[in-house]
Structure formats: structure tokens, C-alpha cells
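Structure first, then comments.
2 protein chains.
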Amino acid sequence: MKTALAFLLAARRCEIDDLERLALSCELVQAVSELVHQLQRERGASNVFLGSEGARFGPQREAQLLASRAAEAGVRSWLKRPELGGEKSGGAVHGGARLLTRIALALHALDGLPGLRGDIAARRCRPDASTARYGEIIAALLALVFEAADVAVDPGVSRLLVALFNLMQGKEFAGQERALGAALFAAGHPAPERVQAILHLIDAQAQCFRRFEGFCGDEVLRQWRALQSVMPLAEHERLRRMLLASTLGSALDPALAEAWFDCCSQRLDQMHEAEVALARGLGESCARRIASARTEAQDQAALLEALSTAAEIRAPLDMLIGTEMAGEGAPAEPAQGDGPFGPQLRRSIVDLLHAQSQRLQAMSDELDAARAALDERKLIERAKGLLMACRGLSEDEAYRLLRQTAMSQGRRLAEVAAATLALAPVLGRH
Amino acid sequence: MKTALAFLLAARRCEIDDLERLALSCELVQAVSELVHQLQRERGASNVFLGSEGARFGPQREAQLLASRAAEAGVRSWLKRPELGGEKSGGAVHGGARLLTRIALALHALDGLPGLRGDIAARRCRPDASTARYGEIIAALLALVFEAADVAVDPGVSRLLVALFNLMQGKEFAGQERALGAALFAAGHPAPERVQAILHLIDAQAQCFRRFEGFCGDEVLRQWRALQSVMPLAEHERLRRMLLASTLGSALDPALAEAWFDCCSQRLDQMHEAEVALARGLGESCARRIASARTEAQDQAALLEALSTAAEIRAPLDMLIGTEMAGEGAPAEPAQGDGPFGPQLRRSIVDLLHAQSQRLQAMSDELDAARAALDERKLIERAKGLLMACRGLSEDEAYRLLRQTAMSQGRRLAEVAAATLALAPVLGRH
Chain A
11 MKTALAFLLA
21 ARRCEIDDLE
31 RLALSCELVQ
41 AVSELVHQLQ
51 RERGASNVFL
61 GSEGARFGPQ
71 REAQLLASRA
81 AEAGVRSWLK
91 RPELGGEKSG
101 GAVHGGARLL
111 TRIALALHAL
121 DGLPGLRGDI
131 AARRCRPDAS
141 TARYGEIIAA
151 LLALVFEAAD
161 VAVDPGVSRL
171 LVALFNLMQG
181 KEFAGQERAL
191 GAALFAAGHP
201 APERVQAILH
211 LIDAQAQCFR
221 RFEGFCGDEV
231 LRQWRALQSV
241 MPLAEHERLR
251 RMLLASTLGS
261 ALDPALAEAW
271 FDCCSQRLDQ
281 MHEAEVALAR
291 GLGESCARRI
301 ASARTEAQDQ
311 AALLEALSTA
321 AEIRAPLDML
331 IGTEMAGEGA
341 PAEPAQGDGP
351 FGPQLRRSIV
361 DLLHAQSQRL
371 QAMSDELDAA
381 RAALDERKLI
391 ERAKGLLMAC
401 RGLSEDEAYR
411 LLRQTAMSQG
421 RRLAEVAAAT
431 LALAPVLGRH
Chain B
11 MKTALAFLLA
21 ARRCEIDDLE
31 RLALSCELVQ
41 AVSELVHQLQ
51 RERGASNVFL
61 GSEGARFGPQ
71 REAQLLASRA
81 AEAGVRSWLK
91 RPELGGEKSG
101 GAVHGGARLL
111 TRIALALHAL
121 DGLPGLRGDI
131 AARRCRPDAS
141 TARYGEIIAA
151 LLALVFEAAD
161 VAVDPGVSRL
171 LVALFNLMQG
181 KEFAGQERAL
191 GAALFAAGHP
201 APERVQAILH
211 LIDAQAQCFR
221 RFEGFCGDEV
231 LRQWRALQSV
241 MPLAEHERLR
251 RMLLASTLGS
261 ALDPALAEAW
271 FDCCSQRLDQ
281 MHEAEVALAR
291 GLGESCARRI
301 ASARTEAQDQ
311 AALLEALSTA
321 AEIRAPLDML
331 IGTEMAGEGA
341 PAEPAQGDGP
351 FGPQLRRSIV
361 DLLHAQSQRL
371 QAMSDELDAA
381 RAALDERKLI
391 ERAKGLLMAC
401 RGLSEDEAYR
411 LLRQTAMSQG
421 RRLAEVAAAT
431 LALAPVLGRH
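Chains A and B are the protein sequences, given in the same order.
What the first sequence shows, in the working numbering, is residues 11 to 440, in sequence order.
What the second sequence shows, in the working numbering, is residues 11 to 440, in sequence order.
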């Protein structure tokens, strides 16, 4: 009995350890969300700088670099936390090998920043190329947040991480829309397939924000709706309409590129407010869960202590433990089958054990439900991987192929991804 | 870059730690599988002893108790392993809180054994009650094996655990069939619903063995098929037919109870041979996975070492790490965007990172596939829990209700469980 209770308490302790590791991952996610926001601003400023041949946004870009570096320092200082140091670093991060690998990939992507910034400062790269390179770095950071959401152990925290990932991903699509739209206005007569890509980005944002709204919780949702009332939505939709009208022959006014950029930037900044609120809610949710798990564990320990003391009056616990397997009929083995605890105490311990087991199972079910919201992206990632392996495409080419197929067939990207995976045997491998 | 590589290696180390914890859980599962077998034999011997008013199987039962206690000592000695000791016990068990809670429940169930044995020795309980009490203890041990399969982190090991759980569960149904059949033969004119229950046990065994065969791997499958050729299948089927014929009015010959019991016991012993082979395969599979993960980690570490050395010739690594965020144009930030590693080395590190990430994702997908085989049981457990909460039934009553509904409607138990869960809002809660 004592051993059973020891394992019950060990399970509680293990749960608290898991939550503390999860809280640590959430801090990383918060720092990453701030860094993504700063990099999106840096990408925007760099585009104007490059597009104007260095004539505009030079000082703004320099100021933005400081903010980006501060945000990057925030992420890197998390990685230097003592809990992560030394030989045991693996164990301290919740989610283990998968999250650690994503951290490695994100750090590797960040290592490309100084080179990219050097190229931009010397105007050695075109706005398109700069956008794509920032996009890759941001994608690696988003993949880290995705993984953190996928490996989270607490349903409530997991739901908020799913919401945050979708908000960040939707905002990144909005950032891509800003860059592409600005280029289209500047071009005056854009190619129809580039305008098509705007449609895809609008659709992708809508999907992300729908999922975000489904998981962010009432308070953040209220805040999000309030933010939307101050977003320049009407102006944004008017400019979007002009972009689309260009496919029917009307020329775009290059002078509107700036209005488009400002309007989109304002929208992105307001999305960031929701991100900050959500990230704060995430931290609070972790702290609350840890506090309540600690209280429950203390209550349980006190109850078990009381039960043990009550039992000791009737038969020394240690005797039971020592002689349990010594043979039938030994003095410490009462014949009534209840051990020294008596039917009632025994009953309450059984209840405690079953309640814990059912609670953990229910949590695991809720977790699965939250995680299911991540399945679509996994499908798309897998289909991309398949196309890269079978067709020798780059990641970006694979994604474009899937997206074009979806657009031309009027199907959702996830459907095309599923169909692609179903064809795996046909596609074969190189 | 150095930090990215450090996290790549940390991910590997984390994977190896996970596998070592999994290997430890597999040792527990092996010990539990031996204990379940001995308890099934003890239950059988106790039934004959009780059924014969203590006239038969007294010495056999005493001998069996020694074997059962040895097997129990095997389980308990696992629990006293130094890796599990002290404050940190939670972290050492893979699967964390859920597996630890199942261990607590199993230990608690085992604590009821001395009392049950005392009742049997003093012939204070009937064979039915004894069967039910042994059944509860064995169910708690099976739930532990189920949980170990559900939380396993390696797809190959997980498949073997799914196979072992299904073999053990199928064998337990076979054990219940032995007990019930012996009682029916002894009764002479059994009630039709008790014969119905035999049909259910036959069906449940078939389902378990089908899943076992799907997951046990080629070698164990060959062994299993070979074992079946020496199982007393024809005799067993003949006796089963007699049991069923009793519902049409033919009386059962109580003298056949013993033939039935022997025939079933022989079959159970042969199933145990497959269990032992599978448990051995499980241990070997863990050891192989750990060895190969260690080799891969060493290869990777050596490769990274070589890459770092190559890089150090061109630019001191520490300078990069130290000055990365110091500002653009600092000497350690080469403008070509490849850092001190050069495009080729940088490429091979990216490949390494992506390969690891894809491997982990593929493993996670395979794991999900293996785990899906456990979903049916989870449905049934959840439906049982719902009925217990809403109808105030005991676990056994809830199970009987589901089973009877399934039998009377000719549907599978899992279907009825799913339908029950879908009705949750209608059933309400007390």
C-alpha cells in the first residue's frame, strides 16, 4: 500500500515537472513571437529601402535593426538559461528531441541574418529575394512554435499554443500579402498569377484566424474583435479590390504602393497586440496550472499522510511492507483482505487512484482534440516532403506546386496534400 | 551555428534518454506479463480447490503460490531499482504521470492478494467471487501494460507492446473462458445467458489475437502459428460445441469439467510461450534501438566536430558566437551570408538538421499509427466511465451492460461504446 501511494505521489510530482518544462517552452514561444514580429517589420522596412534604391527608409531600417537584435537577444538569452545548460540540457526542455531539433533549425536559420542584412545594406539583393530569405527565417521560427503546440502536455496550454501559432501564421500570411501587394502596385500591370497568389494569401489568413478564434479563449477573442473595429479594414479591402481588378485590365497606380504598405502595416501592428495579449495569457495559464497542481499535490500528500497515520494505529505500516510477501497467514496479513487500512480508508485510496487515472485520461483526450487542429499543417508538410523527395523540388517549389494545384482545382490545400500522400506509391522515390 | 549544433546534439541525447526510459518500462512489462501468467494459474488452481470444497488441488495450489510470489517479487524488485528511487522517481519512468498512476493502481490491486489468498485457504469465498477478485487484479496489471504501449516513444517498440498487450488480453479472455466453462460443465444445465458469455469471450479472444498477429512481427508470428499446431484446438472446439449445445436442451456432463479445464490450461500455457518470446523480442528491440541511436549520435558528434574544426581554420567559432549580435559589418559577419562555414559545410548541416526533423516526424506518424490500435479499448473504457458516472454502476456492471447491448444488437463492443459516448449529453450526470 505504501508503495502504491509513493507511486501516486511520484505521478503528481512528474505532472508538476512536466508543467514546469512546459512553462519554460512557453517563455521561449513568447520570445519567438516577439522576434517574428520584429523580423516582419525589418523585412517590410528592408523592402522599401531596397525598392527605393536606398533612397527611403534607411534610418527607419537602422532603428528597426536595433529592435530586431533586442528581440533576438531575448530568444538567445532563453537558450542560455541555466536549466538548459550542461550535459542534461535535453531533459529540461519539454517535448524532447522534436522541440530541440526545431530549436536547432531556428537557430541555424537565424545565423543567416547577419549575411542577409549585409546584402541589404550593400543593396546586393532584390526585394523579392530579401522577402524570400526573411520568409525562410520566419518559417523556421513558426515551425518551432508549431512543435511547441504539438508537444504540449496540458490541454488548456495546448489550446492557447494552437491559437498563438495560428495567429502568428495568419499574421505571417498578412505580412506576405503586404510585401506582394506593394510589389504589385509598384509594378502597375502585374501578371495575373501573382494576383492569384494574393487571393491564396487572403484565404490562408482566413483559415488561420478561424482556428485562432476557435482556440484563443473568450477574453482574447473579445480583445481581437475590439481590435478589428480599429483596423483599417475598409481601406484594406478597397485596395485589395484594386489589386484584383488589375486582372481585368485596369492599371494599378504605383503611388498607392505606400498607402497599401501603411494600411497593411497598421493591420499587422494591431494583430501583434492580440499576439502580446495571447502570449501573456499563455504565461498566466501555465503559472495557474502549476500553482493548482502544487496545491492538489500538497492536499493529496496531507491526505495520504493522514491515512497512513490512521493506519499505523492499527498495524505498523513497515511491518506490512516488510512481510507482505513472506507468506500467507503471517500476522501482518489480515484475512479480511483490506490490509491494515480498513475498508473505508482503502475505498478512499482506490477512489483517489481512479480519479487521478481518469483525470489523466481525460486530459490526454482533450490534448488529442486540441492537437487535431494541427493535423492539416502536418498533412501539408508531409506532402511537401514527399514532393521534395520524389520530384527533387525545393521546399518552396513543392509548396507552390501544391498551392497551384489547389487553386486550379478549387480545392483546399489540405485536400490536395492528402491526395498527394495517397499517391505516394505512384510517385515513387528517386 | 555552434548553438544550433549544440541543440542538435541535445536532441539526440534526449532521444537516447527516452529510449533508455522506455527500455526500463519494457522490463517492468516483462515482469508483469510473467506475474499475470502465474496469477492466472493460481486462479485456476484456486477454483478447483474451492469447487471441490478443498478436496482437490490443495498441494498444487500451495506450489503455485510459491511461483506467483516469485513473479510478484520480480515486479516489486523492479520498482525498487535505484533509478526509480528518491525524489526524482517521476523522471526515470518513461510515460510519466500516466504510467506511474497505473503502477500505483496495479500495486494497490496486488495489495489485495494476501487477503484473497487467506479467504481461499479458509474457504471463505465461492469460486465465482474468487475468479472475479483475481480478474480485477489481472485487469489492473493489463491496464499497466496498455498504458506502457500507449506512451511508448519508439514505433518499433510500441508495435511490440501493442502486440504483447493484445496477446495478454486475449489470453486473459481465454482464462476467463476456462473458468466460466468449467463452472458451466459442473452446473450441468447452465443458464443460456452464461453460455452467451462464452460466445462473447471467444469473439473477444479472436479480436485480440488478430491485433496481436498484426503487430507481433514475422518471427513471433511464425512461432505463434507453429504453437497453434500443437494446441489442443480440435478437442477445445468439441467441448465448446457441447457448451453451446446446452442452450438447445442437451445436458452437460459434469465429468467433462476436468477435461475442459486441462484442455484450456494447455492452450494457456502455449500462449504463454508466445508471450515469453514476444517479451524477449521486446527487450532485444529496445537494446538494438539504443545501440543504433548511440552509434548515430557518435557519428553525428564526430561529423560536427570535423565541421567545426574545418570552420575554425577560416574564422574562430567563438568570435562568431560572441559578436553575432554586436552589429552589422563587424569582422565576424562575412557579407556572403554563409557565416564562417562556407556554403557547402552550411548545406551539409542544413541537411543534417532537416533529416533529423523529418525522421522524428516520421517516427511520430508511425507511433500514431501503432497507437490507433489501442483506440477501441480507450473508447470502451471511456464508455464504461460514463455509465459509472451517469448510472451509478460499478465498473463490472457498466461493462456487462455494454456487452449485453452489443450481443443483443449484434454489434461490436467498440461500436456500442462509441454510440454510448455520443449519447453523453442525453445520459446526463448524477
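A virtual CB, placed ideally from N, CA and C, is assigned to each residue, including glycine.
- Residue A:I113 holds the alpha-carbon nearest to the alpha-carbon of F156 (chain A) among A:E223, A:G224, A:A269 and A:I113.
- Ranked by Cα distance from K388 (chain A), the options A:P69, A:A428 and A:G402 are led by A:A428.
- DSSP places G198 (chain A) outside both helix and strand once states are collapsed to three, so it counts as coil.
- Counting other Cβ atoms within 10 Å of its Cβ, P264 (chain A) stays below 16 and is therefore classed as exposed.
- Neighbourhood of H118 (chain B) in chain A, by CB distance below 8 Å: M11, A14, I359, V360 and L363, in chain order.
- Below the 8 Å Cβ cutoff, chain B contributes F17, L18, A21, L363, Q366, S367 and L370 as neighbours of T111 (chain A), in chain order.
- Excluding the 5 residues flanking it on each side, R51 (chain B) has same chain C-beta neighbours closer than 6 Å at Q74, in chain order.
- Put simply, the CB of C36 (chain A) is far from chain B, with every gap to its CB atoms at 8 Å or more.
- G180 (chain A) carries a helical assignment under DSSP once its states are collapsed to helix, strand and coil.
- Secondary structure note for A408 (chain A): its alpha helix (DSSP H) is the uninterrupted segment E405 to Q419.
- M398 (chain B) sits in a helix when the DSSP states are folded into three classes.
- Distance from L60 (chain B) to P137 (chain B) at the Cβ level is roughly 5 Å; contact confirmed, criterion being Cβ atoms closer than 8 Å.
- A residue is called buried once 16 or more other Cβ atoms fall within 10 Å of its Cβ, and Q308 (chain B), having fewer, is exposed.
- Look at L115 (chain A): its C-beta is under 8 Å from a C-beta on chain B.
- By the neighbour-count definition (other C-beta atoms within 10 Å, threshold 16), P435 (chain B) is an exposed residue.
- Residue-level contact check: R108 (chain A) touches chain B, since one or more beta carbons of chain B fall below 8 Å from its beta carbon.
- When C-beta atoms of the segment 39 to 46 of chain A are compared with those of the segment 139 to 149 of chain B, fewer than three pairs fall below 8 Å, so the two segments do not count as touching.
- Around the CB of G259 (chain B), fewer than 16 other CB atoms lie within 10 Å, so the residue is classed as exposed.
- Listed by position along chain B, the residues whose Cβ is nearer than 8 Å to that of C296 (chain A) form an empty set, because the closest Cβ is around 17 Å away.
- Using a Cβ-Cβ cut-off of 8 Å, D28 (chain A) is close to G106 and A107 of chain B, given in chain order.
- Under the three-state reduction of DSSP, R134 (chain B) is assigned to coil, being neither helix nor strand.
- Using a Cβ-Cβ cut-off of 8 Å, G395 (chain A) counts as an interface residue toward chain B, since at least one Cβ of chain B sits closer than that to its own.
- L174 (chain B) and L292 (chain B) do touch by the CB rule: their CB atoms are close to 6 Å apart, below 8 Å.
- Here DSSP, grouped into helix, strand and coil, assigns C274 (chain A) to helix.
- With its beta carbon at least 8 Å from every one in chain A, C400 (chain B) lies outside the interface.
- Around the CB of S62 (chain B), fewer than 16 other CB atoms lie within 10 Å, so the residue is classed as exposed.
- Contact check for L384 (chain B) against L431 (chain B) fails: the beta carbons are separated by 8 Å or more.
- Contact with chain A is absent for L171 (chain B), since none of that chain's Cβ atoms lies less than 8 Å from the residue's Cβ.
- Excluding the 5 residues flanking it on each side, V172 (chain B) has same chain C-beta neighbours closer than 6 Å at A159, F225, A380 and A383, in chain order.
- By the CB criterion at 8 Å, A184 (chain B) and C274 (chain B) fall inside the cutoff.
- Sequence-distant Cβ neighbours of V205 (chain A) in its own chain, meaning closer than 8 Å and more than five residues away, are L194, L253, L254, S256 and T257.
- At a cut-off of 8 Å between beta-carbon atoms, E306 (chain B) makes no contact with chain A.
- DSSP, read as helix, strand or coil, puts R422 (chain A) in coil.
- Of the residues A:E82, A:T111, A:P69 and A:V58, the one whose Cα lies closest to the Cα of R369 (chain B) is A:T111.
- The DSSP-derived three-state label of R91 (chain A) is coil.
- For the segment 68 to 93 of chain B, residues whose beta-carbon sits nearer than 8 Å to a beta-carbon of chain A comprise L75, R79, E82, A83, R86 and L89.
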